[in-house]
Structures are given as structure tokens and as C-alpha cells.
Amino acid sequence: MSVKDIHIADYTYLLPDDRIAKYPLTDRSSSKLLVYKGGEIKTEVFRSLPSQLPSGSLLVFNNTKVIQARLRFEKETGGKVEIFCLDPVEPSDYQLAFAQKGSCVWRCMVGNLKKWKSGALVKNCKIDGKPLEFSAVKLEGTGMVHTIKFQWNSDDVTFAEILDSLGELPIPPYLNRKTEESDKKTYQTVYSKIDGSVAAPTAGLHFTKEVLSDLDKKGFGRAELTLHVGAGTFYPVKSESIGGHDMHTEVIEVPLSTIRTIRERLGHIIAVGTTSVRTLESLYHIGCRLLSGNTELFVSQWEPYAEDKIDYSAEQAYDAIISYLESNRLEALHASTQIIIVPEYKFRVVGGIITNFHQPKSTLLLLIAALIGDDWRKVYDYALKNGYRFLSYGDSSLLLRR
């Protein structure tokens, strides 16, 4: 059977609403930690993570930061329109887009689109006590996704400042509640640095500065990369087979120094979250492209499963990226990925993952099944029977392939 024929109905479980954590625990590190190793399962507390890791492990974190991407407008007629910023178009670089003054263009999801037939949406407000007129104009699009031009009448105010002032942090829709002031802190990891995500890499929400310090004291390595999480992470799989599901494209940025560190520690890599898994494995496939003479820094959805794919070693692939960056005098790899990781995927880099408990029939659950096989059912049954809290603000797990 082709991987595209995998039935999503085979990757589901009953998740009662009362098991979805609507809020995080006051102490992030007091969450439960399910440890899976060699087919055995036990319960620990997250702050004990350093004592559960294999010796010599290198933990790889996604340092992306969630932006206040949801903008709400009200028309003169009273109709309400919501614009959800997805990724920048002009300029396409995130940091340049946030630094724009006067105007910028983004790809956005538009809610209540029927209320916005034409013309500009205008919002009058004050930023730092100064009046500002902020407007949005539709340029093109289909369905809910449109290209939107934002404009404002000030050369002193950046788009980042507008989002900070007018935007709303987009917590997951399955929480079934409005964003609260506390979410601005609790829905960010303590190591978040690079603005760009519309969803948090939630596996990292359990880490505290104390846990990070304990990892350092015990000699575990830490490395950071950036994958800006898109709204597609919330998209359900609606097709019967996974072949009918289109993965969203996400932007990745990995410093050369991080790639060198990972190359040195191959065989000992623990990914913090599914976003780190997708990035680390995407780097392997980008390296394979470079070895094959293809310099397009992109991984397509089904590329890892191509029958004619040359199976280079992880060492060869990472060496190819290092050589490419050094020869082009680049300090970081900027690329994009559409990778989907499902059962039958062959992991080349990641030996284990720290992650939360994911929604039924989701691509994230398929990734877990790819990592630990049919034991995903045993893990989730155990979590349900032992009072674990699920999804973004829920408990955590350490899943080791070996």
C-alpha cells in the first residue's frame, strides 16, 4: 500500500472535551511527563526531564515567537471582519515585513468575508498616544485566503508595533474561548525569540529557565532553529486518505553554527516538538537535493517517499548543507518545507521527541505514529486512563525510538 493510501480514520481515538486543557498549569514544569522507551511507559513530572534523557542527547528547540496575528475590523454598517495574518508577501522576509513603515502586504485568512465586498476596512486608533489611521485592502485571493495590503498614515510606526497594539494572540480554536491577557505570556515559550508564528510550538511550553539550567548542569546539549508555525497546523484532515491532504508550506531558518552542532551529534538528537522534527528531517532532504545538484531550498510534501530517491546518509546530507553555506558565505540556511511525516517514513536525524498529546485524525498524530509505530495507541490509551491533559496547554511526553 502506498503511503498516500493511509486511511486517516485508522489514526483516531475518543478525546472527551473535559480532557482538553483550556488553561496551562501555573507552574509549567509541574505537568505530567509520559516517558516511552523500548515499548515501556511510565509517568514522571516534566521537571524531571533531565534525568530521563539518554546520555549525550542534544535537544533541538524551535525559537519562533507567536505574533498577535488576528486583527478585527468593524465596518460603518456594523459588520465585523477578522483578518488573520499568515505570512508576508511584500516584503517576503518576516523581519523586514515587521520593520515596514507606512505599508506592507500579507497573505491572510479573512473571517466573515461576505461582509467585506469591496473597499478598504479602516480602523482609527492611537499608538503611543498618537492618532493613527490603519486600513486594509483586498488585492486577490480565493476562498478564505486573500492577499491584503495594509496601510497606515505614519512613517514612525512599524507593522510590528501595529500588531502589538491592535492585534490579538491567536490561541487554538479548540480551546473554545477568547484570548485572555494571561495567554500573551503562557502561550509563548520562555526561549522564544524570532517573531513569525501564528501558533506556538507547544511542546516547549513546559520548559522553565530552571529546567533549562538543569539540562546544562547535566551536560546535555542545546541548539536552536526557527520554523514559523502556520495556521495550517490547525487544519483537520478532511480527506479519507492522507494522499488527499495538502500540507501547508512553512518557512525555516537554521544558523550554520546549529547545523554544524547537529552534524557533530547525529545519533543523539532529541527534537523538542513536531516543528523541530519537521525542520531537522527537512534539512536532510535539502542536503540530498544539494548532493543531486538541485539548489532549490525547498522540500515538497511527498518528496521523502519518492521511489527513485537516493538514500544518502545523514552525515552526507548535513555536510552538503554546510559546504553550500560556506561556499556562498552564508551564516544561516533560509528555506521552506511542505514535508509530511506519516507511517513508513524513514527517520534520518531524529531519535526522539518531546511533545504534547495531539488531536485525533491530525497530521501531528500521524507523525507520532511514524516515530513509534502502532505503540502510539498504547501511549494514548495510557494517557487517557491516567488523567493526562491533552493538546496545547496539556501535559507532555518523551518518546524515544530506541
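Using this note's numbering, you'd call the opening residue of the sequence shown number 104 and step up by one each time.
From the three backbone atoms N, C-alpha and C, an ideal C-beta is built for every residue, glycine too.
Beta bridge counterpart(s) of residue i as assigned by DSSP
i      : result
Lys140 : Glu143, Leu503
Thr458 : Ser500
Leu161 : Gly324, Ile372
Met212 : Phe187, Val248
Lys204 : Thr261
Glu193 : Val208
Lys135 : Val148
Thr361 : In DSSP, Thr361 forms no bridge with anything.
Top-ranked residue by Cα proximity to residue i, from the options
i      : options                        : result
Gly244 : Ser206, Leu156, Val192         : Val192
Asp349 : Ala326, Tyr483, Ala303, Trp405 : Trp405
Tyr496 : Arg480, Thr382, Thr466, Asn459 : Asn459
Ile365 : Ala326, Leu156, Val148         : Ala326
Ser285 : His437, Ile274, Asp190         : Ile274
Arg150 : Ser134, Gly141, Ile144         : Ser134
Leu242 : Leu328, Lys252, Glu185         : Lys252
Pro194 : Val184, Ser221, Leu330, Gly205 : Gly205
Pro439 : Ile389, Glu283, Asn397         : Residue identity differs from the one stated: residue 439 is Ser in this sequence, not Pro. Among Ile389, Glu283, Asn397, the Cα nearest to that of Ser439 is on Ile389.
Tyr382 : Ser132, Asn165, Pro157, Val138 : Sequence check: residue 382 is Thr here, not Tyr. Measuring from the Cα of Thr382, the nearest candidate turns out to be Asn165.
Length of the line joining the Cα atoms of residue i and residue j
i      : j      : result
Lys51  : Ser344 : Coverage of the chain is limited to positions 104 through 505, which leaves residue 51 absent and any answer about it impossible.
Ile443 : Leu386 : 14 Å
Lys233 : Asn256 : 11 Å
Asn489 : Glu429 : 50 Å
Ser500 : Leu161 : 17 Å
Lys449 : Gly476 : 12 Å
Lys281 : Lys125 : 11 Å
Ser60  : Ile373 : Nothing can be reported for residue 60, as the shown portion of the chain is limited to 104 through 505.
Ala172 : Leu487 : 33 Å
Arg254 : Ile265 : The amino acid occupying residue 254 in the given sequence is Gln; Arg does not appear at that position. Distance between the alpha carbons of Gln254 and Ile265: 11 Å.
Thr377 : Leu470 : 8 Å
Leu394 : Tyr421 : 10 Å
Leu174 : Ile424 : 38 Å
Residue i: first and last residue of the uninterrupted beta strand (DSSP E) it sits in
i      : result
Lys320 : Where Lys320 is concerned, there is no enclosing beta strand (DSSP E), although the alpha helix (DSSP H) it sits in stretches over 312-320.
Ile444 : Per DSSP, Ile444 belongs to no beta strand (DSSP E) and is neither H nor E.
Leu468 : Element bounds for Leu468: not the beta strand (DSSP E) but the alpha helix (DSSP H), 466-475.
Ala172 : Looking at the DSSP string, Ala172 is not in any beta strand (DSSP E), and its letter there is neither H nor E.
Pro358 : 353-358
Leu436 : 435-440
Opening and closing residue of the alpha helix (DSSP H) in which residue i lies
i      : result
Ser385 : 377-394
Ser154 : 152-155
Lys481 : 478-488
Asp422 : 417-430
### Query
Which runs of the beta strand (DSSP E), 3 residues or longer, sit entirely within the segment 225-261?
233-245, 248-255
### Ranges of the alpha helix (DSSP H) found wholly within the segment 260-306, counting only runs of at least 4
262-269, 286-289
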